[in-house]
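Accompanying notes for the structure given below.
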Amino acid sequence: MKIGVITKGIGGFYYIDTGEDVYECRARGKFRLEKITPLVGDIADIEVDDRQGYILNIHPRTNEMIRPAIANVDQVMMVFAAKSPDINMSLLQKFLLYAEYVRIKIIVCINKIDLDENQDYKAVVEMLSTVPYSVILTSTKQQIGIEELKAALKNKTTVFAGPSGAGKSSLLNLVQTGLVLKTGDLSKKIDRGTHTTRHAELINLEIGGRVADTPGFTSLELLNNIEAEKLQLLFPEFEQHTNCKFSRCLHDTEPQCGVKAALHEGYISKIRYEYYISLLKELKEIRRY
Ligand SMILES: Nc1nc2c(ncn2[C@@H]2O[C@H](COP(=O)(O)OP(=O)(O)OP(=O)(O)O)[C@@H](O)[C@H]2O)c(=O)[nH]1
Ligand SMILES: [Zn+2]
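If you're matching positions, the sequence shown starts at 6 in my numbering and goes up one per residue.
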């Protein structure tokens, strides 16, 4: 028996990288019976002779994303451009929330800082200084931050996310020549009339680690089924300030709220807090019906 990582799945075949070799395997019938589909990123026990074999077992997943379908991601690199296209704050907030929801570590990369003469991106960096996510500032044109990016990717499994044109492919190309992401824009594919399901593939990095070949989060699953009381768990910076008077405080209109106190003292970003309140209102609306 060997252990490896599923790096690709095509037509019922899975490609498992054991670190020494890549094996083409099928899943045993028990997976169908138990309605488990092996995912790219899964750690699998395999039984092989020569180059082919069977997947015997899948190890428990640390996390799982739906689009692209991928398991055990260490981190998501959220790439936004400082300018052109300008940072879409509400999209950034949604991405942060979604990554928190699927429990994946977040790194925010602000690219194209060469275009931002007034350094407007600093407002975003300031907002992010209140959350436990790291920030990398880059420019592919001026080769800024590339070593830092490489260090962050080394020996990790990373999914890139971010709006079209932010520079994901340009950045990856500096990490490793020839590495290009398949486009993540589903609407483009539909326009061309090719309704292909997106199968993620993991690509080995020369520096160690892997990246998914297709950007994540192009469509965000709705978070409608979250309970209002649980929404605050997706805002990790609130946690150390929840010394509120009421144990079930939603940090909205309640008196003596620790989160609101932290907001006034500047430990919690106003933008983040307002986003939280807007989502809370939405969730309460949904519940009313
Ligand atoms: N000025 C400047 N332009 C950049 C930088 N990085 C990328 N670009 C340009 O921005 C454009 C988009 O870059 P891509 O790497 O294709 O962006 P992407 O995020 O992969 O886009 P999609 O494939 O559509 O998701 C290209 O014309 C790049 O040359 C940068 O740091 N500075
Ligand atoms: Zn409170």
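All residues carry an ideal CB built from backbone N, CA and C; glycine is no exception. From a predicted model like this one, the values you see are computed outputs, not experimental measurements.
Residue closest to residue i, alpha-carbon to alpha-carbon, out of the options
{"i": "Phe85", "options": "Gly172, Lys155, Val185", "result": "Gly172"}
{"i": "Tyr281", "options": "Lys40, Asp22, Ser95", "result": "Ser95"}
{"i": "Glu39", "options": "Ile63, Glu25, Ser134, Arg56", "result": "Ile63"}
{"i": "Glu211", "options": "Lys159, Ala217, Thr143, Cys249", "result": "Lys159"}
{"i": "Leu184", "options": "Glu206, Gly167, His256, Pro168", "result": "Glu206"}
{"i": "Lys99", "options": "Asp22, Leu236, Asp125", "result": "Leu236"}
{"i": "Gly214", "options": "Gln181, Thr162, Asn77, Ile11", "result": "Thr162"}
{"i": "Val10", "options": "Glu279, Cys254, Ala217, His256", "result": "Ala217"}
{"i": "Thr135", "options": "Ala267, Lys286, Leu285", "result": "Ala267"}
{"i": "Arg37", "options": "Cys254, Leu61, Glu29", "result": "Leu61"}
{"i": "Val164", "options": "Met70, Leu238, Val264, Thr42", "result": "Met70"}
{"i": "Lys146", "options": "Glu153, Asp119, Tyr138, Ala166", "result": "Asp119"}
Residue j beta carbon less than 8 Å from that of residue i
{"i": "Lys5", "j": "Asp121", "result": "Because the chain is modelled from 6 through 294, residue 5 falls outside the range shown and cannot be assessed."}
{"i": "Asp5", "j": "Arg66", "result": "The question about residue 5 has no answer, for the chain in this structure spans 6 to 294."}
{"i": "Glu259", "j": "Phe251", "result": "yes"}
{"i": "Glu234", "j": "Arg277", "result": "no"}
{"i": "Ile151", "j": "Leu177", "result": "no"}
{"i": "Leu208", "j": "Leu288", "result": "According to the sequence shown, residue 208 is Ile rather than Leu. Not closer than 8 Å, so no."}
{"i": "Val45", "j": "Lys13", "result": "yes"}
{"i": "Ile109", "j": "Gln80", "result": "yes"}
Limits of the alpha helix (DSSP H) - the one that residue i falls within
{"i": "Gln98", "result": "94-106"}
{"i": "Leu4", "result": "The displayed coordinates of the chain run from 6 to 294. Any statement about residue 4 would go beyond what the structure contains."}
{"i": "Ile115", "result": "It is not in any alpha helix (DSSP H) - Ile115 instead sits in the beta strand (DSSP E) that spans 110-116."}
{"i": "Ile21", "result": "Where Ile21 is concerned, there is no enclosing alpha helix (DSSP H), although the beta strand (DSSP E) it sits in stretches over 18-22."}
Residue i Cβ short of 7 Å to ligand 1 heavy atom set
{"i": "Ala205", "result": "no"}
{"i": "Asn230", "result": "no"}
{"i": "Pro220", "result": "yes"}
{"i": "Leu184", "result": "no"}
{"i": "Leu179", "result": "no"}
Distance cut-off 7 Å: residue i Cβ against heavy atoms of ligand 2
{"i": "Thr247", "result": "yes"}
{"i": "Glu259", "result": "yes"}
{"i": "His269", "result": "no"}
{"i": "His64", "result": "no"}
Residue i versus residue j: straight-line alpha-carbon distance, rounded
{"i": "Leu191", "j": "Pro90", "result": "Legend: pLDDT at Leu191 = 45, less than 50; position of this residue unreliable, value from coordinates given subsequently. Answer to the nearest angstrom: the Cα atoms are 19 Å apart."}
{"i": "Asp26", "j": "Ala156", "result": "25 Å"}
{"i": "Ala128", "j": "Leu102", "result": "19 Å"}
{"i": "His200", "j": "Tyr272", "result": "Note that His200 has pLDDT 44, beneath the 50 cutoff, so the model's placement of it is unreliable and the number below is only indicative. So the two alpha carbons sit approximately 46 Å from each other."}
{"i": "Tyr20", "j": "Asn93", "result": "37 Å"}
{"i": "Ile75", "j": "Ser174", "result": "20 Å"}
{"i": "Pro73", "j": "Lys117", "result": "26 Å"}
{"i": "Leu285", "j": "Cys262", "result": "16 Å"}
{"i": "Glu153", "j": "Ile111", "result": "15 Å"}
First and last residue of the uninterrupted beta strand (DSSP E) at residue i
{"i": "Lys7", "result": "7-15"}
{"i": "Ser139", "result": "139-142"}
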